[in-house]
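Below: one structure, written as structure tokens.
There are 2 protein chains.
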Amino acid sequence: MVARKKNAFYAQSGGVTSVINTTACGLIETARKNGVKVYAGRNGIIGALTEDLIDTSKEPAKNIANLRYTPGGAFGSCRYKLKNHEQSKSEYERILKVFDAHNIGYFFYNGGGDSHDTVHKISQLSQVMGYPLTCIGIPKTIDNDLPFTDTCPGFGSVAKYIATSVREVGYDLESMAASSTKIFVLEVMGRHAGWIAASAGLAAERIGEHPHIILFPEIIFDEEKFLAKVDNCVKKFGCCSIVASEGIRNKEGIFLSDLGCIDAFGHVQLGGVAPIVAKLIKHKLGYKYHWAVADYLQRAARHIASKTDIDQAYAMGKTAVEYALQGKSNIMVTIVRKSNKPYRWTIGWKMLEEVANVEKKMPLDFITRDGFHITNACHEYLSPLIQGEDPPLFKNGLPQFTKLKNPSVRKKIKEEFKLKK
Amino acid sequence: MVARKKNAFYAQSGGVTSVINTTACGLIETARKNGVKVYAGRNGIIGALTEDLIDTSKEPAKNIANLRYTPGGAFGSCRYKLKNHEQSKSEYERILKVFDAHNIGYFFYNGGGDSHDTVHKISQLSQVMGYPLTCIGIPKTIDNDLPFTDTCPGFGSVAKYIATSVREVGYDLESMAASSTKIFVLEVMGRHAGWIAASAGLAAERIGEHPHIILFPEIIFDEEKFLAKVDNCVKKFGCCSIVASEGIRNKEGIFLSDLGCIDAFGHVQLGGVAPIVAKLIKHKLGYKYHWAVADYLQRAARHIASKTDIDQAYAMGKTAVEYALQGKSNIMVTIVRKSNKPYRWTIGWKMLEEVANVEKKMPLDFITRDGFHITNACHEYLSPLIQGEDPPLFKNGLPQFTKLKNPSVRKKIKEEFKLKK
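Protein chains in written order, with my numbering: chain A, 1 to 421; chain B, 1001 to 1421.
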């Protein structure tokens, strides 16, 4: 008797990006070509736990193809972290039970550091329980903090958005500086690592170009040194543009965003480094300022996504399926940089046990000695990641994205599963 | 004896836009074709007062052509308002003196409401003093608040940026809402009029699409009604996206941004409606939120500018010169909408005395009865303004803009002019 062809389970995890659906597109298109049915978890791993599966085989090919151009997570993502085997035993068992009920032989998890840890744990458990399951982690994170992969899909597009925005704003600021606003502060994501802040540095090709100052979470915020630098910029260039990571901290180790501000309800306002930095400058140096907080705009901006990032996101989804069919398991797919000029890359893989709980930090030689900008080495690393454009179709002046039908798979398990709070 | 051919003076005024340089491009290219030399004011009208003129005739044609793609104000703009004839007598006289010294017979002022008032006053004074001067105002303002013109160059591109961003963010928010962030608030410019906030409404083509709620400065912020609407959206759509104008006020007439927040220096933080609205929701309804403040990003975003806006900005500069050469004076050029579907427009003009101190408000029938969205009438008005794309050239993954050489014209007047504080 021939074994029934196994189905695949795919889920998106954590904060979404403008290209995570591109990975889904590559994965589903490749699985279809190989006759593998893909069930997606509705709202990520929650879908596996609650047996809330989406049958992507019922989705028209055109919709799947359009995922390439659609930001956000088309099947829903979630912030739901599985702990170790003891603490989350019932959850791991439930996942395998659901997989078993739906003849799932392939598990693809598309997320950041925590997700790869989850894949690894499920892989281990499936071996212990004798349930044959091919487990593959696919990187996705704008934070760019996964090890062993040259970059993480999602990051290059944020980098392109931030560098583009900073360059544009620089032209605006310079026009106004003689009689009005002299300071502009842009707050960007990246609480623990300065990759996104660093990417703003790509906008400056010559000395004096914007941004003038980058504030990295890796560098202690030294108020005095910072203010001296701002003042110097204004005197030299007539204005000063600053890109601040949301995660900068002062000498006492306190997040600047926590220094805060007491709001109308008597609560400390968290978040909002940009206004704090701007007001500090106004208070100490007297310069007129503007500030912006990009927040979700930066990670959703599919209209200005990087073609390189899109190509890599697609290739990761595609290759993940190919690896799975070759019998590789318990791996994370990676991007391997083969050369810098011209930038050449390929897809590779790494065993998950090596990946789990390793964080990729900004190398210290990526930050200039004064702590306020990126070095040539950083520029060389980042620049290839923002190359090329591949915008969505515009109709009526606006980008056209795809909303999937997302039909449910009929449930097969009687017991409901209660999610932990 | 044949009179010496007159030169033209062109200045940019007030907050710049992503297409004000496109108007400069249309104006200078047309002047060149007609043998008129254009002097630009360095930093706007300040350049006229201080005799700091830029000789645009020395700028290579390629640079002028590239102005079409470059955001900000290429000659510098300023916030410097001339008052009435009595209060600012010395300034008006100085301007005419500088014009006389440089054989200037055409005055083009590219700005918002105040600028057209200035043009009008200079026109009057030149007549009184018997100095022949052709005076033409050219609209520019993202606020879209000038009368008699269908729209103002700069606005359509902000509208396209905001609608695009809101649509993108909507896809992001929906992915996360099941287990995480349910609220997203985007703060947009427009302190007195809700045109920019309204433009976000273009992103929603069907009920339930983003943004779910728009907060207009024209509508008193009713906390209770607002919170009920937010809660309803979350229950109905799983999440709620809100676009808030920076200028919204409560029942007491106080700007929400002034309700503020006491910062680390003990000062009231102004600005930042988005965090205030987001925290109000968290406080009263308990939903997790994200917020963004677009600030300068929205008006500098040349990469996603509206082709319609760009075409109109260029045509205004071009036609301003043509009108001047036809002998029209003391006018503001306007955009005239000839039909809606298809959108057809032409350039027209209006006498400045009719323009001065008239503000174009949002018609009340552009806002839905509940005060939280735009009507079909508004959609029909706004939609044509964001049609088409005309991105700059991208190189190394980033948009390429032009920095002009901006050579100075030799000064001819001995006395220096001291600017008022």
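Using N, Cα and C, we set each Cβ at its ideal position, and we do this for glycine too.
In this text the structure is predicted, and so the values were computed from the model without any measurement.
CB contact check: ALA74 of chain A to chain B, cutoff 9 Å = For ALA74 of chain A, the nearest CB of chain B lies under 9 Å from its own CB, placing it at the interface with that chain.
query = Which residues, in chain order, does the region 1392-1409 of chain B contribute to contact with chain A at a C-beta distance below 9 Å?
reply = From the region 1392-1409 of chain B, only PHE1394, ASN1396, GLY1397, LEU1398, PRO1399, PHE1401, LYS1403 have a Cβ closer than 9 Å to chain A.
Chain-ordered residues of the region 1287-1300 of chain B with a beta carbon less than 9 Å from chain A = Listed in chain order, the positions of the region 1287-1300 of chain B with a beta carbon within less than 9 Å of a beta carbon of chain A are HIS1290, TRP1291, ALA1292, VAL1293, ALA1294, ASP1295, TYR1296, LEU1297, GLN1298, ARG1299, ALA1300.
ask   = Nearest-angstrom Cα distance between LYS1414 of chain B and TYR1314 of chain B?
value = Taking C-alpha positions only, LYS1414 of chain B is separated from TYR1314 of chain B by approximately 37 Å.
query = For LEU1352 of chain B, which residues of its own chain have a beta-carbon under 7 Å away from its beta-carbon, when the five flanking residues on both sides are left out?
reply = Here the set comprises HIS1116, VAL1119, HIS1120, SER1123, GLY1137, ASN1330, ILE1331, MET1332.
inquiry  = Strictly below 9 Å CB to CB, what residues from chain A border ALA1203 of chain B?
reply    = Neighbours of ALA1203 of chain B in chain A, taken as residues at a C-beta separation under 9 Å, are given in chain order as LEU398.
request  = Could you list the residues in the region 1074-1104 of chain B with a C-beta less than 7 Å from some C-beta on chain A, going in chain order?
outcome  = For the region 1074-1104 of chain B, which is checked against every Cβ of chain A, the residues closer than 7 Å are GLY1076, SER1077, CYS1078, ARG1079, TYR1080.
8 Å Cβ cut-off: residues of chain A touching ILE1367 of chain B = Neighbours of ILE1367 of chain B on chain A: none; closest Cβ ~21 Å, over 8 Å.
query = For GLN1124 of chain B, which residues in chain A fall below 7 Å Cβ to Cβ?
reply = What GLN1124 of chain B touches in chain A: nothing, since even the nearest Cβ is about 25 Å away.
message = Any C-beta of chain A within less than 9 Å: which residues of the region 1367-1389 of chain B qualify?
response = If the cut-off is 9 Å between Cβ atoms, the region 1367-1389 of chain B has SER1383, PRO1384, LEU1385, ILE1386, GLN1387, GLY1388, GLU1389 near chain A.
Sequence-distant residues of the same chain with beta carbon closer than 6 Å to MET1 of chain A, five excluded per side = Bear in mind that the predicted position of MET1 of chain A carries a pLDDT of just 48, short of 50, making it unreliable; the figure below should be weighed with that in mind. Around MET1 of chain A: no qualifying Cβ.
ask   = So what does DSSP say about GLU187 of chain A, is it helix, strand or coil?
value = Assignment of GLU187 of chain A by DSSP, reduced to helix, strand and coil, places it in the strand class.
key: Interface positions of the region 1195-1223 of chain B facing chain A (Cβ-Cβ less than 9 Å), listed along the chain   = Flagged, chain order: LEU1202, ALA1203, GLU1205.
task = Consider the Cβ of THR141 of chain A: report whether some Cβ of chain B lies at a distance smaller than 9 Å.
result = Closer than 9 Å: no.
query = Under 9 Å between C-beta atoms, does SER115 of chain A make it to chain B?
reply = So, not an interface residue.
message = Any beta carbon of chain A sitting closer than 9 Å to that of GLY1247 of chain B?
response = Among the residues facing chain A, GLY1247 of chain B is not included, as its CB has no counterpart in that chain under 9 Å away.
inquiry  = Taking the alpha carbon of LYS412 of chain A as the reference point, which residue from A:GLN87, A:LYS81, A:PHE99 has its own alpha carbon closest?
reply    = Checking every option, the nearest Cα to that of LYS412 of chain A belongs to A:PHE99.
inquiry  = In chain order, what are the residue ranges of uninterrupted beta strand (DSSP E) at least 3 long that sit wholly in the region 1189-1232 of chain B?
reply    = Counting only runs of at least 3 residues, the region 1189-1232 of chain B fully encloses the following beta strand (DSSP E) elements, listed from N- to C-terminal order: 1213-1215.
request  = Whole angstroms is fine: what's the gap from ARG1422 of chain B's alpha carbon to ASN1063 of chain B's?
outcome  = Residue numbering for chain B in the displayed model covers 1001 to 1421; residue 1422 of chain B lies beyond these limits and cannot be assessed.
query = Can you find a CB in chain A that lies within less than 9 Å of the CB of GLN1012 of chain B?
reply = Chain A has a Cβ within less than 9 Å of the Cβ of GLN1012 of chain B.
query = Is the beta carbon of ALA101 of chain A within less than 8 Å of some heavy atom of the ligand GTP?
reply = The ligand GTP is not part of this structure, which contains no ligands at all.
task = Under 7 Å Cβ to Cβ from ARG4 of chain A, same chain only, skipping five residues before and after it: list those, please.
result = These residues qualify, in order along the chain: ASN103.
ask   = Using 8 Å as the Cβ pair cut-off and three pairs as the minimum, do the region 1379-1393 of chain B and the region 1044-1051 of chain B touch?
value = Because the criterion of three Cβ pairs below 8 Å is not met, the region 1379-1393 of chain B and the region 1044-1051 of chain B do not touch.
query = Relative to the alpha-carbon of ALA1177 of chain B, which residue among A:LYS338, A:GLY14, A:THR70 has its alpha-carbon at the smallest distance?
reply = Considering only alpha carbons, the answer is A:GLY14.
task = Provide the residue(s) that pair with ALA40 of chain A in DSSP beta bridges, ordered along the chain.
result = DSSP, once it has assigned bridges, lists A:TYR10, A:ILE54 as partnering ALA40 of chain A.
task = Could you tell me whether any Cβ in chain B is nearer than 9 Å to the Cβ of HIS120 of chain A?
result = No - not a single Cβ of chain B is within 9 Å of the one on HIS120 of chain A.
task = Note the first and the last residue of the continuous alpha helix (DSSP H) segment covering VAL1273 of chain B.
result = VAL1273 of chain B -> alpha helix (DSSP H) spans 1273-1285.
key: Buried/exposed call for VAL1128 of chain B, threshold 16 Cβ in 10 Å   = Exposed.
inquiry  = Between ILE1281 of chain B and chain A, is any beta-carbon pair separated by less than 9 Å?
reply    = For ILE1281 of chain B, not one C-beta of chain A is nearer than 9 Å to its own C-beta.
inquiry  = Am I right that SER1077 of chain B and GLY1044 of chain B are in contact with their C-beta atoms under 8 Å? What's the rounded C-beta distance?
reply    = Confirmed, about 5 Å.
ask   = Would THR23 of chain A count as contacting chain B if we go by Cβ distances under 9 Å?
value = THR23 of chain A does not count as touching chain B.
query = Is there at least one Cβ from chain B nearer than 9 Å to THR151 of chain A's Cβ?
reply = Chain B, which has no Cβ nearer than 9 Å to the Cβ of THR151 of chain A, makes this no.
task = Ignoring anything shorter than 3 residues or poking outside the region 97-172 of chain A, list the beta strand (DSSP E) runs there in chain order.
result = With a minimum length of 3 residues, the unbroken runs of beta strand (DSSP E) contained wholly in the region 97-172 of chain A fall at 104-111, 134-139.
request  = Would you mind working out which of B:ILE1248, B:ARG1206, B:ASN1396 sits nearest PHE961 of chain B, comparing C-alpha positions?
outcome  = This structure cannot settle anything about residue 961 of chain B, because the visible part of chain B is limited to 1001 through 1421.
inquiry  = Using C-beta distances below 7 Å, list every residue in its chain close to ARG167 of chain A, excluding the 5 sequence neighbours before and after it, in chain order.
reply    = Taking ARG167 of chain A as the centre and dropping the five residues before and after it, the same chain places the C-beta of ALA203, HIS210 closer than 7 Å to its C-beta, in chain order.
query = How many angstroms separate the CA atom of LYS83 of chain A from the CA atom of LYS1236 of chain B?
reply = Their Cα atoms are separated by approximately 32 Å.
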